[in-house]
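Accompanying notes for the structure given below.
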Amino acid sequence: AQSVTQPDIHITVSEGASLELRCNYSYGATPYLFWYVQSPGQGLQLLLKYFSGDTLVQGIKGFEAEFKRSQSSFNLRKPSVHWSDAAEYFCAVDSGGYNKLIFGAGTRLAVHP
Amino acid sequence: DGGITQSPKYLFRKEGQNVTLSCEQNLNHDAMYWYRQDPGQGLRLIYYSQIVNDFQKGDIAEGYSVSREKKESFPLTVTSAQKNPTAFYLCASSLSGGPHNEQFFGPGTRLTVL
Numbered sequence: 237a238q239s240v241t242q243p244d245i246h247i248t249v250s251e252g253a254s255l256e257l258r259c260n261y262s263y264g265a266t267p268y269l270f271w272y273v274q275s276p277g278q279g280l281q282l283l284l285k286y287f288s289g290d291t292l293v294q295g296i297k298g299f300e301a302e303f304k305r306s307q308s309s310f311n312l313r314k315p316s317v318h319w320s321d322a323a324e325y326f327c328a329v330d331s332g333g334y335n336k337l338i339f340g341a342g343t344r345l346a347v348h349p
Numbered sequence: 036d037g038g039i040t041q042s043p044k045y046l047f048r049k050e051g052q053n054v055t056l057s058c059e060q061n062l063n064h065d066a067m068y069w070y071r072q073d074p075g076q077g078l079r080l081i082y083y084s085q086i087v088n089d090f091q092k093g094d095i096a097e098g099y100s101v102s103r104e105k106k107e108s109f110p111l112t113v114t115s116a117q118k119n120p121t122a123f124y125l126c127a128s129s130l131s132g133g134p135h136n137e138q139f140f141g142p143g144t145r146l147t148v149l
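Keeping their order, the protein sequence lines are chains A and B.
Taking this note's numbering, the leading residue of the first sequence gets 237, the next gets one more, and so forth.
Taking this note's numbering, the leading residue of the second sequence gets 36, the next gets one more, and so forth.
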């Protein structure tokens, strides 16, 4: 069965530091991959997505992610974190091509001033 | 402005009662989805609909029911058969059910069973 693992439940970084959030997926074929962000008590907003082609994808708010097939990973990165980036981040995979998303458990990001 | 609205934002229910959560979109999207979110578990798919008058069960459909009589509306009923209904419920929509279509999410409804 398809699955998504986000190994880090909580991460704390200082404002201005770099960030990497990990995501590993389990799927036989090339997956469609997504990163979403959720502010407390709110819905989810799409940060970026990977379908095919260039394995480094750029998203909104200065985020990027790199698809590594050999490692079954799709890690999210940002070179310099802002206090407003504090939120929960979800990695998701569309396993069957029918837009049925499987989500990881999420990583909660805290940003220290 | 186009978007997805969910109402109410907070909902309280007594055990044994059915309750209906509203989801409306004015994005002219064909596909709509209901997710349940519990702490530490991410989002799980309850039901989805790729077109009006058609819907399919997701991974955790037991104790829930939906209807899709209009393109813009996809209400979710939490029945008394749902053993643990307290959760945050998110509705989403996409242009169609294909993989290249971003899912847009509503602000959610927090349901608490008293």
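Each residue gets a CB set at the ideal place from its N, CA and C atoms; glycine is no exception.
Approximately 10 Å separates the beta-carbon atoms of residue 326(A) and residue 312(A); this is outside 8 Å, ruling out the contact. Look at residue 146(B): its C-beta is not under 9 Å from any C-beta on chain A. Each residue's CA atom was taken as its position, placing residue 265(A) and residue 287(A) some 12 Å apart. Contact between the region 79-89 of chain B and the region 51-61 of chain B is absent: fewer than 3 CB-CB pairs across the two stretches fall below 8 Å. The C-beta of residue 79(B) comes closer than 9 Å to at least one C-beta of chain A.
Between the C-alpha atoms of residue 90(B) and residue 271(A) there is a straight-line separation of about 26 Å. Nearest C-alpha to residue 122(B) among 71(B), 87(B) and 149(B): 71(B).
In this structure, the alpha-carbon of residue 116(B) lies about 42 Å from that of residue 307(A). Per DSSP, residue 313(A) is one residue of the beta strand (DSSP E) stretching across 309-314. Residue pairing from DSSP places residue 344(A) in a beta bridge opposite 246(A) and 324(A). Within its own chain, the residues whose Cβ lies closer than 7 Å to the Cβ of residue 49(B), once the five positions on either side in sequence are excluded, are 149, listed in chain order.
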